[in-house]
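Chemist: Pasting a structure below so you can have a look.
Protein chains: 4
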Amino acid sequence: MQDLLTGFLSLLQVCKVCNRQITPFKMFEHTTYIRVRYGETDQMGYVYYGNYSLYYEQGRTEAIKSLGISYKKLEASGIMMPVAEMKVRYKGPANYDELLKVVSYVLEMPSRSMTFHTKIFNEEGRLINEGETKLMFVHGATRKPCSATNELIEALLPHFNTN
Amino acid sequence: MQDLLTGFLSLLQVCKVCNRQITPFKMFEHTTYIRVRYGETDQMGYVYYGNYSLYYEQGRTEAIKSLGISYKKLEASGIMMPVAEMKVRYKGPANYDELLKVVSYVLEMPSRSMTFHTKIFNEEGRLINEGETKLMFVHGATRKPCSATNELIEALLPHFNTN
Amino acid sequence: MQDLLTGFLSLLQVCKVCNRQITPFKMFEHTTYIRVRYGETDQMGYVYYGNYSLYYEQGRTEAIKSLGISYKKLEASGIMMPVAEMKVRYKGPANYDELLKVVSYVLEMPSRSMTFHTKIFNEEGRLINEGETKLMFVHGATRKPCSATNELIEALLPHFNTN
Amino acid sequence: MQDLLTGFLSLLQVCKVCNRQITPFKMFEHTTYIRVRYGETDQMGYVYYGNYSLYYEQGRTEAIKSLGISYKKLEASGIMMPVAEMKVRYKGPANYDELLKVVSYVLEMPSRSMTFHTKIFNEEGRLINEGETKLMFVHGATRKPCSATNELIEALLPHFNTN
Chain A
429 MQDLLTGFLS LLQVCKVCNR QITPFKMFEH TTYIRVRYGE TDQMGYVYYG NYSLYYEQGR
489 TEAIKSLGIS YKKLEASGIM MPVAEMKVRY KGPANYDELL KVVSYVLEMP SRSMTFHTKI
549 FNEEGRLINE GETKLMFVHG ATRKPCSATN ELIEALLPHF NTN
Chain B
429 MQDLLTGFLS LLQVCKVCNR QITPFKMFEH TTYIRVRYGE TDQMGYVYYG NYSLYYEQGR
489 TEAIKSLGIS YKKLEASGIM MPVAEMKVRY KGPANYDELL KVVSYVLEMP SRSMTFHTKI
549 FNEEGRLINE GETKLMFVHG ATRKPCSATN ELIEALLPHF NTN
Chain C
429 MQDLLTGFLS LLQVCKVCNR QITPFKMFEH TTYIRVRYGE TDQMGYVYYG NYSLYYEQGR
489 TEAIKSLGIS YKKLEASGIM MPVAEMKVRY KGPANYDELL KVVSYVLEMP SRSMTFHTKI
549 FNEEGRLINE GETKLMFVHG ATRKPCSATN ELIEALLPHF NTN
Chain D
429 MQDLLTGFLS LLQVCKVCNR QITPFKMFEH TTYIRVRYGE TDQMGYVYYG NYSLYYEQGR
489 TEAIKSLGIS YKKLEASGIM MPVAEMKVRY KGPANYDELL KVVSYVLEMP SRSMTFHTKI
549 FNEEGRLINE GETKLMFVHG ATRKPCSATN ELIEALLPHF NTN
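Chains as they are written, first to last, in the numbering used here: chain A, 429 to 591; chain B, 429 to 591; chain C, 429 to 591; chain D, 429 to 591.
So this is what it looks like as structure tokens:
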């Protein structure tokens, strides 16, 4: 793997003058915090590499909840969002009982799929993990692909409109 | 907790003459083997206490499969078996990559519920874990309690008949 | 299993006059909240029976943290607390994205072991799960049993003193 | 993500004449089988996307074991192999109780890192998941990077030598 999120990372430079993130285009971003459980570590003493998927998932759930959309209700209404692709880069360890900062980004408006980028920071503010997950939209009954719901599109639009 | 499985354990004495297990009443028993995964350990260096539930479950699935019954098909046919109670006694650690011997016992014919006893032995043959899980029978559609299926009863009967 | 926590439950009656819990003897109690992850459900549509162990663990960690004691630091100082016994009673399902109320109780002063009782309530306030976990104190280096640390004893004492 | 394993996949064409895999360069390959547990599914009814990490891990463990090398012993000897990168492509679902065929590939000789490719097939022989994991070599004591052990290099060499 060359650079996993090269293009993505280049967007996240911080302006040295105003100390704000430079975003050449609009996007949606949400932060949540997750406490590492003992059972999520392995005998290496750090969070098991497979358990970041749970953190990404929790980040995504909270991110769209902040838009006023419940994935639980979405699924109850007949739309499911199975994961189609995942990429993870492990840059440093996470420890038991650490309070991780999990930042979820949506960089593109969803259509048939929706991609989340996730960055995880440890308690010292160091970036220890980043990844992306691409989710499809499917009808729950038929498991056939479909498009993002209007509700989701409308909730995201304000974050992508250039005013 | 006093003695978790006192009555149960007393059944599992081995005859010093014939080296066979002494079973004062009939029962059904099945053995399967499970290899411990790295991700199932925690930072103490042993299998996380919560992961034995997965081993019990795998033991139960294989046990009833050996009776010619697939829990998968049972569920597809509309009967679910949620767990109502679990007791676990942790007697020793299990290590990464260890091949555990998982023995599942059914000591009583199921009616509205079915109870499995499980004993787990490490590679040196030492009993490291024992527990029991009580599962209910419920209709998948209504989630209302029901009785064990005839298929299951008939498959178990030969193991409990005294001839 | 007869009644799992009969004695325990009888303690938790609520006074009909003052609406406070009647505690015939002193104890320590702590409440935390846990959001159910998608990955913690199984195909029955509810939280997998094995995942309650993670909720219990998180409840215990937060409970002793509220006493000013970090289990992480305890372990770093050379004391480990492996689980010796667990009992669980599943009384109702927990759903994805539900915010569970997890109440942890310590009913007896720890000595060579420490027992936590846990009660989990769903969003409607219904008791859906209760259990207990008995943890041993062991030296991390030797894995030999030892006694509860003075720090822990002193932190708990005020909750058990009768004034 | 464009094509996850484009180069990789192009290697795995099957010769229409001899029905054997065409491998333009040498590699190491190992197959193991994993039965899906109930607790590994989620409420969508399929294996949770995060649990494939466990299958990859088990595939890797068995793969190097087939070379006569125990990762357990490697770690006991002071070398750890934390995961640095993972990519996964989910092409189809895996069901409870399904016996998955997990094929692990090493396409390049390890140096400071070692990359495994994994392909998972369902019971009908359909490719449902593929991914890769890049693991680093680190000293357990210092957690500093190091090189692959001679033992591992020597065990792999015969699979890469062109005779």
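For every residue, glycine included, the Cβ atom is placed at its ideal position computed from N, Cα and C. Please read all numbers here as calculations on a predicted model, not as lab measurements.
#1: Would you say A/M537 lies against chain D (beta-carbon separation less than 7 Å)?
#2: In terms of DSSP beta bridges, what is D/H587 paired with?
#3: Among A/F544, A/L580, A/K529, which one has its Cα closest to the Cα of A/V511?
#4: Under DSSP, the alpha helix (DSSP H) around D/G487 begins and ends at which residues?
#5: If I follow the unbroken beta strand (DSSP E) through C/A512, where does it start and stop?
#6: My understanding is that D/I462 touches D/L528, with C-beta atoms under 8 Å, so please give their C-beta distance in whole angstroms.
#7: Taking C-beta to C-beta, are D/H458 and D/S505 nearer than 7 Å?
#8: Determine the direct distance from the alpha carbon of C/Y474 to that of B/E513, and round the result to whole angstroms.
#9: Grouping DSSP H, G and I as helix and E and B as strand, with all else coil, what is C/R555?
#10: Mind checking who B/L527 pairs with in its DSSP beta bridge?
#11: Would you give the residue range spanned by the alpha helix (DSSP H) that B/K501 belongs to?
#12: Do you know offhand how far C/Y480's Cα is from C/A522's?
#13: What is the residue span of the beta strand (DSSP E) that B/S541 lies within?
#14: So, is the C-beta of C/Y554 closer than 7 Å to a C-beta in chain B?
#15: Starting from D/G467, find everything on chain B with Cβ-Cβ shorter than 8 Å and list it in chain order.
#16: Does C/Y533 come out as helix, strand or coil in the three-state DSSP assignment?
#17: Looking at the strands, I want to know which residues DSSP matches up with C/I507.
#18: Let's test the definition: count the other Cβ atoms within 10 Å of the Cβ of A/G559 and tell me whether it reaches 16, buried, or not, exposed.
#19: Using a Cβ-Cβ distance cut-off of 7 Å, determine whether A/Y474 contacts chain C.
#20: Please state if the CB of B/M455 and the CB of B/Y518 are separated by a distance shorter than 7 Å.
#21: Should B/P573 go down as buried or exposed, given a rule of 16 or more other Cβ atoms within 10 Å for buried?
#22: For A/P452, does the three-state DSSP call read helix, strand or coil?
#23: Check each residue of the segment 509–534 of chain D: if its Cβ is closer than 7 Å to any Cβ of chain A, include it; give the result in chain order.
#24: Can C/Y524 and C/T460 be called in contact, C-beta distance under 7 Å?
#25: Pop quiz: D/Y499 and D/I492 are said to be a contact at Cβ under 8 Å. What is the actual Cβ separation, rounded to whole angstroms?
#26: Check each candidate in A/I497, A/E490, A/M472, A/Y466 and name the one with the smallest Cα separation from A/A576.
#27: Identify every residue that forms a DSSP beta bridge with A/E469.
#28: Using a Cβ-Cβ distance under 7 Å, would A/Y477 count as near chain D?
#29: Which chain C residues sit within Cβ distance under 9 Å of A/S498?
#30: Can you find the residues in the same chain that come closer than 7 Å, C-beta to C-beta, to C/E579, ignoring five residues on each side of it along the sequence?
#31: May I have the straight-line CA-CA distance separating A/L585 from A/A569, to the nearest angstrom?
#32: Quick one: is C/E490 buried, meaning 16 or more other Cβ sit within 10 Å of its Cβ, or exposed?
#33: Whose C-beta lies closer than 7 Å to the C-beta of C/V464 among residues of the same chain, with five residues either side of it excluded?
#34: Excluding the 5 residues preceding and the 5 following A/P538 in the sequence, name in chain order all residues of the same chain whose CB lies nearer than 6 Å to its CB.
#35: Skipping 5 residues on each side, what residues in its chain have a beta carbon closer than 6 Å to that of D/Y466?
Modeler: To lay it out plainly:
#1: no
#2: For D/H587, which the question treats as bridged, DSSP gives no partner whatsoever.
#3: A/F544
#4: 480–493
#5: 511–518
#6: 5 Å
#7: no
#8: 16 Å
#9: Looking at the sequence itself, residue 555 of chain C is Leu, so the reference to Arg does not match. C/L555: strand per DSSP, three-state reduction.
#10: B/R463
#11: 499–504
#12: 10 Å
#13: 541–549
#14: Before going further, note that residue 554 of chain C is Arg rather than Tyr in the sequence given. No - not a single Cβ of chain B is within 7 Å of the one on C/R554.
#15: S481, L482, E485
#16: strand
#17: C/H567
#18: buried
#19: no
#20: no
#21: exposed
#22: Unreliable placement is indicated for A/P452, whose pLDDT of 48 sits below 50; the coordinate value is still reported in the next sentence. A/P452: coil per DSSP, three-state reduction.
#23: P510, V511, A512, E513, M514, K515, V516, R517, Y518
#24: no
#25: 6 Å
#26: A/I497
#27: Before going further, note that residue 469 of chain A is Thr rather than Glu in the sequence given. A/T469 is bridged to A/V475.
#28: yes
#29: D525
#30: I497
#31: 28 Å
#32: buried
#33: V475, A522, N523, Y524, D525, E526, L528
#34: A576
#35: Y524
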